[in-house]
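Undergrad:
Residue numbers (UniProt numbering): 1 to 1245.
#1: Buried or exposed, going by whether 16 or more other CB atoms sit within 10 Å of the CB of residue 419?
#2: Taking the alpha carbon of residue 397 as the point to measure from, which residue in 890, 416, 212 and 966 has its own alpha carbon closest?
#3: Who pairs with residue 1010 in a beta bridge, going by DSSP?
#4: How would you label residue 145, buried or exposed, when you count the other beta carbons within 10 angstroms and need 16 or more for buried?
#5: Can you tell which of 947, 686 and 817 has the C-alpha that lies nearest to the C-alpha of residue 769?
#6: Closest by CA to residue 873, which one among 850, 837 and 845?
#7: Just verifying my parser: in three-state terms, what is the DSSP assignment at residue 260?
#8: Closest by CA to residue 304, which one among 567, 751 and 630?
#9: If you run the structure through DSSP and keep just helix, strand and coil, what is residue 203?
#10: By a C-beta neighbour count over all protein chains shown, 10 Å radius and 16 as the cutoff for buried, is residue 66 buried or exposed?
#11: Is the separation between the beta-carbon of residue 674 and that of residue 603 shorter than 8 Å?
#12: Is the CB-CB distance between residue 615 and residue 645 below 8 Å?
#13: Scan the segment 812-854 and note each continuous alpha helix (DSSP H) run of 4 residues or more that stays entirely inside, going in chain order.
#14: Going straight from the alpha carbon of residue 1033 to that of residue 986, what length do you get?
#15: If we call anything under 8 Å between Cβ atoms a contact, is residue 347 one with residue 401?
#16: Any idea if residue 399 is buried or exposed, counting beta-carbon neighbours within 10 angstroms, 16 or more meaning buried?
#17: Count Cβ pairs between the segment 920-927 and the segment 878-891 that sit closer than 8 Å; are there 3 or more?
#18: If I follow the unbroken alpha helix (DSSP H) through residue 1004, where does it start and stop?
#19: Determine the burial state of residue 444: buried for a count of at least 16 other Cβ atoms within 10 Å of its Cβ, exposed for fewer.
#20: Can you tell which of 998, 38, 46 and 622 has its C-alpha closest to the C-alpha of residue 81?
#21: If we count the other Cβ atoms within 10 Å of its Cβ and call it buried at 16 or more, is residue 533 buried or exposed?
#22: Using the C-alpha atoms, what's the distance from residue 511 back to residue 502?
#23: Apart from the five residues on each side of it in sequence, which residues of its chain come closer than 8 Å, Cβ to Cβ, to residue 188?
#24: Which first and last residues belong to the beta strand (DSSP E) in which residue 346 is found?
#25: Looking only at DSSP bridge pairs, what is residue 304 linked to?
#26: Please list, in chain order, all residues of the same chain as residue 55 whose beta carbon is under 8 Å from its beta carbon, the five residues on each side excluded.
#27: DSSP has residue 266 in a bridge; who is on the other side?
#28: If you draw a straight line from the C-alpha of residue 558 to the C-alpha of residue 572, how long is it?
#29: So, residue 763 versus residue 772, is the Cβ gap smaller than 8 Å?
#30: Roughly how many angstroms lie between the CA atoms of residue 1281 and residue 751, to the nearest whole one?
#31: Suppose you measure from the CA of residue 75 to the CA of residue 24; what does that come to, to the nearest Å?
#32: Measure the C-alpha to C-alpha separation of residue 209 and residue 99 and round it to an integer number of angstroms.
#33: With H, G and I counted as helix, E and B as strand and the rest as coil, what does DSSP make of residue 385?
#34: At what residues does the beta strand (DSSP E) containing residue 5 begin and finish?
#35: Could you please give the first and the last residue of the uninterrupted alpha helix (DSSP H) stretch that includes residue 29?
#36: Thinking residue 588 and residue 527 are a contact (beta carbons under 8 Å), I'd like their distance in whole angstroms, please.
Structural data, given as structure tokens:
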């Protein structure tokens, strides 16, 4: 595969060409190829291809990259390495496989050949390189980045043309390059380098007059536009031509500039570092803006970074690479800011050194600073100067040394960030990438970078170039050592910094030179910060260690940042370079007195405890009810809400864990015992289970050592919770039971309630629902005994979950409602959100989707406002289920994905149930392959969890995908397996749904009798549960039974009830009892499915009916809906009151052949039926004569039950659907079946 960018962007392979037509596709290929295999962040790719002012729509970048990857992979027969890692993209390509990379490599080889005097080879290589150009580079790629890159590539092309021309001139072959040089001169008529080369080519070709005309034209343009004459070198070349004083020069490795010059340039540059490796990006940045002509503005670069990072080596490498553009002066001066043996140079002394370098006699150098500065400016005026100022302390040291004219370049290196150097560009040098550091080590040590131990040595040296060089030299001089030996030696030593030396050089000495330049307070702060146990720390923790106010500490840390002894890790967050941190710790242990060390450590640990308490009081206020906050001994952040708490915890979590290790090392058991208890809620809501388990294990050990049995009880219960969240249920149960016994011994009812509740949750996770319910009820009893509202809310919610899984939905709703009522009195948002989601899940099972959706939306708002990611993820998923029920699967997938993003942010994986739900929506969107992948992943996860219910859900999902693909035999196998798993898990709803799906597959396989029998079994289960899933099964069963056959008698006939009319807000017991007796006698032995109406009164009526109704389920909205779909699916239409829409509903019900039963809304007397409904609605117009006569005969004092009994008796008893009703239901079967849904996942525990 070969990629072309120097012309049209295209991909070539095996004689074929893949043209890239889309503009964005061309830009993506160009951006990734020119990155040279390095990862390009998504934001950078967007900026380069689409531009920051016109960002692409969400998903566009991914789809564009995927399109290119697929096309290129197919085109190149799989020979492609385009990767996406952590939001970045990289394309690994060989330099020989991309024209621009090959061009650059050939130019580099040509330059080297020219310098070695091989002009023949240089011309050949430059000719080969220039032949790669096929036109305008990056043709068709739009945008600012592409335009800037084109300019750079054109400059590289011009440079190659000039350098080839110089070599050709030296070989006496000027005629070969005349055409392209004249073309280049027409493109760049004011570039004096180009003009001089063109003049010489013309002169050598016998066209002297044309060469002189070029000079005259240049001089006129420069005078008219800039008011200046051509440069000295150009003027002198012109004068030589006038005198015919030019002979064709012979080979000169330094190129034409010195051929045309009168004398050799003055250069004091030291040799470049022989084994310099890497830093390509930094070199390109430095060289890319240096002036190439005398008319361009002077460029000043400041290169700063920590000691040993390679600043001087980079500056010298850049200076040698740019030397040919500065034919007059190339000077190097070491200002010795951090030189141990010699004093630093002040500006006056430095100017004297520079003047001597330019050839000024010592006796001619002025004595004063101002006089020397003036002499220096005069000395370098109108001369191309390249100046390297190494090891600078500050801006005041270099201001007077900077040239004032154009066409110069200055490279300044310093350990400090230099402020006050006007117009300077800044480059911060960081550690090189691991592969570059390994290549440097291997080159010096004369090893292969892949040799065992090389990578580990580089890692242990933190990739610091100075350290890498020293240790590579040591290894090369130790005949018996290998890289693996050195790695083991570095890993084993306790003071690694002392091991990093070579001869009289050591890294510790280099760091000490930086410290000596610090004022005493900053140095003391550096030493005390070495006691911090974490790689990163915040400002407040740093202030506690230093023992100063936060404002003072921040100023000291700024000074350390400027000296590159400290690095920024975020807003008000800091970190040490690994080796600098080791030096700081070594100084703390050696220089600080023991009392000072102990006091600093105690202040830091106290700060973390006090900050944790302040954070917990904000996010978990109910736990601190009645407890007055203690006055903190250190400054802690001000938490203005849950967002601030979460940001603090996420930033400090590593430091909090490290403080536990520090407390263990410094023998501070009270910190070990107390901090995890303060962080318990934060670890539960935001933390990783394994991190929490580690901390609580340490806390339990410390409490045991201290004899704190009460603290021990709480610690082991917290430990049980962490084990449960991590899926270690046996460990969780053991610790929870231990915590229960300890709590009983202490008489701590609150801890006892928490322990019982945790035991119940472990049983719940293991699908032991009866045991879970018993434990939750025991937790509830203990919590009520001590009025522990948090415990009561949790125990009720968890009892409801168990009841729901035991198919007692009525009991679950009751428990959820009680839990929700208590939760609303609490101030801890997590409990409220968890209760809402549990309540919503029960509503969903009953088909009450609007109530479920309202609760989920409320929980989502609560989670977003209070930074509760677990609640947020669960709410988003449950809302996705509701959207999937409504057949809005794309919207469902958006919600699922948002929930997964939240979980990923917590480092948690989705459950098997969540994956199956997502797969189901993909299946509905005709993506069976994606669906199957997700279902298989859910199956694997269910195997690991060991929960039969999870295995059942995964198997149902796999069966559905097989059925959609037409693979009926495989689908049958998985449906049967799902039914078996659900039976073992006592998950009746899953068992019923598995049998329902199996019936469909059997019917598709022309096994109608088996399908009917399977649907009979499914209907028995679903009717027993009273869920809406039963009606589609009945419809399908009716469609396959032979003529005259009936549904098996052991399956109760579901009666569908619609309650219409006025919105009812309340009811009295008399009315409920009356309705229950009347309806109970009429509907005895039948399941009631409530499809519409005020759910409060309807469920109360059914509840009063007792065993007369198996279940009640609501579907649809509240209040009056005057449409056919309100009563279409109902067998009975109960009219409450006489609202505006009642007449329309009654007319619709009669037109559909429904039985209409009027019931007064407020109970009491028959007048409500007789007068109100009779007059307002006009019962006479639609009631049968017998029923109207019976109603009219009612007296005002008659009871409601009497009215109902008369009406029902007059109507002739139970109403059965007419044949047309059955036909209507069958006609709707396909649409209803496609609306099958399942309950949402359990709320996060």
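Each residue gets a CB set at the ideal place from its N, CA and C atoms; glycine is no exception.
TA: A quick look at the data gives this:
#1: exposed
#2: 416
#3: Checking the DSSP bridge columns, you'll see residue 1010 has no partner listed.
#4: buried
#5: 947
#6: 837
#7: Bear in mind that a pLDDT of 38 at residue 260, under 50, signals an unreliable position, so the number given afterwards is only what the model happens to contain. Looking at residue 260 - three-state DSSP - the assignment turns out to be helix.
#8: The option with the nearest alpha carbon to residue 304 is 567.
#9: helix
#10: Residue 66 should be labelled exposed.
#11: In this structure, residue 603 does not lie closer than 8 Å to residue 674 by Cβ.
#12: yes
#13: Fully enclosed alpha helix (DSSP H) runs of 4 or longer: 829-845.
#14: Roughly 20 Å between the two C-alpha positions.
#15: yes
#16: exposed
#17: Taking a cut-off of 8 Å for Cβ pairs, the segment 920-927 and the segment 878-891 touch, as three or more such pairs fall below it.
#18: 988-1004
#19: buried
#20: By alpha-carbon distance to residue 81, the top candidate from 998, 38, 46 and 622 is 38.
#21: With 16 or more other CB atoms across the displayed protein chains lying within 10 angstroms of its CB, residue 533 is buried.
#22: 15 Å
#23: 158 and 194
#24: Premise fails: residue 346 is in no beta strand (DSSP E) and is neither H nor E.
#25: Its beta-bridge partners are 414 and 428.
#26: 46
#27: 329
#28: 10 Å
#29: yes
#30: The first residue shown for the chain is 1 and the last is 1245, placing residue 1281 beyond what the model contains.
#31: Straight through space, the alpha carbons of residue 24 and residue 75 are spaced by roughly 19 Å.
#32: 39 Å
#33: strand
#34: Per DSSP, residue 5 belongs to no beta strand (DSSP E) and is neither H nor E.
#35: 23-34
#36: 5 Å
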